[in-house]
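Chains as they are written, first to last, in the working numbering: chain A, 1 to 178; chain B, 1001 to 1404. Where a beta carbon is used, it is the ideal one built from N, C-alpha and C, also for glycine. A short worksheet on the structure shown next.
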Amino acid sequence: MKNNSRRGFMGKAFGAVAGVGAVASLYAMKRSWDPLPSVKAAGFTTLDMSQYKENELVTEKWRGKPIFVLKQTAEMVKKAEKNPKDLERLIKIGNDYFLVCLGLCTHLGCIPGYNPDEKSFLCACHGGMYDFTGEVTKAPPPRGLDIPPFKIDGDKLVLGEEGPEYKKMLENGITLKA
Amino acid sequence: MAHFTKAKNLHDWLNQRLAIDTLNRVLATEYWIPKNINFLWAMGMILAITFGLLLISGIFLLMYYQPNIDLAFDSVNYTIMQEVGYGWLWRHVHGVAASVVFLIIYIHMFTGIYYGSYKNGREMIWISGMLLFVAFSAEAFSGYMLPWGQMSYWAGMVITNLFAGGSLHADGLVEWIRGDYIPAQAFLNRFFMLHVLLIPLAIIGLIGLHFGALRIPHVNNQDGEEIDFDAEAKKYLAGDKANSKVIRFMNDFLAKDMMVVGIFLILFFYLVFYHYDFAMDPVNFDPANGLKTPAHIYPEWYFLWSYEILRPFSTDVGLIAFAFAQVIFFLLPFLDRSPNAVPASRRGLFKYWFWAMLIDMIILTAMGKVPPEGVFSAIGFYAAITFIGLWIILPFITKFEKKV
Chain A
1 MKNNSRRGFM GKAFGAVAGV GAVASLYAMK RSWDPLPSVK AAGFTTLDMS
51 QYKENELVTE KWRGKPIFVL KQTAEMVKKA EKNPKDLERL IKIGNDYFLV
101 CLGLCTHLGC IPGYNPDEKS FLCACHGGMY DFTGEVTKAP PPRGLDIPPF
151 KIDGDKLVLG EEGPEYKKML ENGITLKA
Chain B
1001 MAHFTKAKNL HDWLNQRLAI DTLNRVLATE YWIPKNINFL WAMGMILAIT
1051 FGLLLISGIF LLMYYQPNID LAFDSVNYTI MQEVGYGWLW RHVHGVAASV
1101 VFLIIYIHMF TGIYYGSYKN GREMIWISGM LLFVAFSAEA FSGYMLPWGQ
1151 MSYWAGMVIT NLFAGGSLHA DGLVEWIRGD YIPAQAFLNR FFMLHVLLIP
1201 LAIIGLIGLH FGALRIPHVN NQDGEEIDFD AEAKKYLAGD KANSKVIRFM
1251 NDFLAKDMMV VGIFLILFFY LVFYHYDFAM DPVNFDPANG LKTPAHIYPE
1301 WYFLWSYEIL RPFSTDVGLI AFAFAQVIFF LLPFLDRSPN AVPASRRGLF
1351 KYWFWAMLID MIILTAMGKV PPEGVFSAIG FYAAITFIGL WIILPFITKF
1401 EKKV
């Protein structure tokens, strides 16, 4: 009987040590699977906003994802001004307004195409449509095109850093954290 | 230590050390199989052979494949296809087998459902089989990534996005799975590891479990007859082979198994040599491009039915329906409340349920392939609703079934 309880105690002690080891190794496994520091460090892109032409969609790359940059014409800005929610989606640099968003449909992640005449985006996969501010005009996408974290730096835009303008968009629910 | 004597020959030498005679008896010559089973029971053997083909062809592909996002596409489409002697053969065998294995798995599953082979003591056979189905699905998906073509890349993008859980917006989890913000080098390497090591190991283990689960309840038969295997085996061993309801697995039943396997292999190699392209998506012959989406994204044919259950709903509802479709088959032994383990044709409403389920899944498969527009998306929507509805009514229609 005495022996049994000794064995039992040793079993429990071993179990406790093994449990600690198992949890520690699970943590190590989780961390091994995390994105590498070099991948995270490459997560910043700087855009020179003076080079874009009005109503011409340019696709940039940030974290490997396509980023749409669309400089708005005066007419588009006027139209957006009528609906304050629309204007809030645009980024103002100097006197110019830009739509800068992830070029991935918020439905299933396909890349929508831009039609400069209609001034709208169409995602052909499931027929989703967005206007020139990236707001949904036709389902199935559940929300407007996501806006990447950005910081305005003079006439440059740094993607990957969260500036005050971006934080305001998050607060107002204009975009989800991309 | 056991007592060893000087061996009379190699067989005796091995027998003293490995008990090969006992092993042969338990696994082959006295592994009893009912007489009244048809060719549909040979699907298990066909699956084992196809898995062997996948393993061997995979080993040869592995010798030249490069798990690197810049080299992967050419290592498959140029090196293996053009340079390696008979490299094309391994690729076509591997590609066709990966597709055909699912056809056989579905036949194997629906045979089990039709004859009630998941019931009354055979639940673990069914559950281990479903675990194998999941493991094969993961194996197929991770393998599909490796040539790093357009469809590989975008399938990787869309499927990993599912883990964001729709409105839960768990992007951190998605990035963790990928090891990057998009499917990139880390993603390719880890899916390569999963495809060639971890999942195959799991599959081999699960095959062991699946076979083991068969050992005590034994294989079902065409009439759902409850056979006393011990008594029938005794009759057979006493020499009354004609009246015994069972036969040896080897060599008796294996002869029939091998005939079916032979016919299967003729069809299989016909596909390998003349119609290998049915298993290859044309879009995947464009190298992966993260800045361009293919016009229409769809999975391989064997995933179309569950893809179509995801598609006609809004994101969150679709994900829930999709998750439902993935797990519900596991519960079949418990949702079928009838005591009968007989062919569907001799049961009550279950007879109609079986055919409705089979036809519904074929419709879902067809609708998953076409673009979700107009009448097709309507058909897909109702077929998805029907699928869920059929599972909900299953316990009710089987509860009132009379014992036959």
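- For L57 (chain A), the nearest beta carbon of chain B is not closer than 9 angstroms to its own beta carbon.
- Listed along chain B are L1291, K1292 and T1293, each with a C-beta nearer than 8 angstroms to that of I111 (chain A).
- Here DSSP, grouped into helix, strand and coil, assigns T1398 (chain B) to helix.
- Take the alpha-carbon of A1378 (chain B) and the one of M1367 (chain B): they are about 10 angstroms apart.
- DSSP links E135 (chain A) through a beta bridge to no other residue.
- Of the other Cβ atoms in all chains shown, fewer than 16 fall within 10 Å of the Cβ of P37 (chain A); this residue is therefore exposed.
- Assignment of alpha helix (DSSP H) within the region 1210-1240 of chain B, counting only whole runs of 4 or more residues, yields 1229-1237 in chain order.
- DSSP, reduced to helix, strand and coil, places V58 (chain A) within a strand of the structure shown.
- Residue contact check for Y1181 (chain B) against chain A: a CB pair falls below 9 angstroms.
- Linking T1398 (chain B) to Q1066 (chain B) through their CA atoms gives a straight-line distance of about 52 angstroms.
- Beta bridge pairing from DSSP links M129 (chain A) with A:L122 and A:K138.
- If the five residues before and after V23 (chain A) are omitted, its C-beta is found closer than 7 angstroms to no C-beta atom of its own chain.
- When secondary structure is reduced to three states using DSSP, Y1086 (chain B) falls in the coil class, being assigned neither helix nor strand.
- For L70 (chain A), the enclosing beta strand (DSSP E) begins and ends at K65 to K71.
- Shown here, G154 (chain A) sits in coil according to DSSP, grouped into three states, outside any helix or strand.
- Across the structure, P1395 (chain B) and I1216 (chain B) are spaced so that their CA atoms are roughly 27 angstroms apart.
- Secondary structure note for V1174 (chain B): its alpha helix (DSSP H) is the uninterrupted segment D1171 to R1178.
- Taking C-beta atoms as the reference points, I67 (chain A) and V100 (chain A) count as a pair closer than 9 angstroms.
- If you draw a straight line from the Cα of M1145 (chain B) to the Cα of V1327 (chain B), it is about 24 angstroms long.
- For W62 (chain A), the closest alpha carbon among the candidates A:E161, A:S32 and A:A124 is that of A:E161.
- Under the 9 angstroms criterion on CB atoms, C125 (chain A) is classed as interfacial with respect to chain B.
- Chain A places a beta carbon closer than 9 angstroms to that of M1157 (chain B), counting this residue as a contact.
- Chain-order list of chain B residues neighbouring V39 (chain A): G1179, D1180, Y1181, A1184 and A1186, by C-beta distance under 8 angstroms.
- Secondary structure at P1200 (chain B): helix, using DSSP grouped into helix, strand and coil.
- Your pair T1160 (chain B) and C110 (chain A) does not check out as a contact, with CB atoms roughly 14 angstroms apart and the cut at 8 angstroms.
- Between the C-alpha atoms of D1171 (chain B) and T1029 (chain B) there is a straight-line separation of about 55 angstroms.
- In the DSSP assignment, V1404 (chain B) falls outside any beta strand (DSSP E) and carries neither an H nor an E.
- Here F1313 (chain B) carries a coil assignment [DSSP, helix/strand/coil].
- For C101 (chain A), DSSP records a beta bridge to A:F68.
- Between P1372 (chain B) and N1221 (chain B), the C-beta gap is not smaller than 9 angstroms, which leaves the two residues out of contact.
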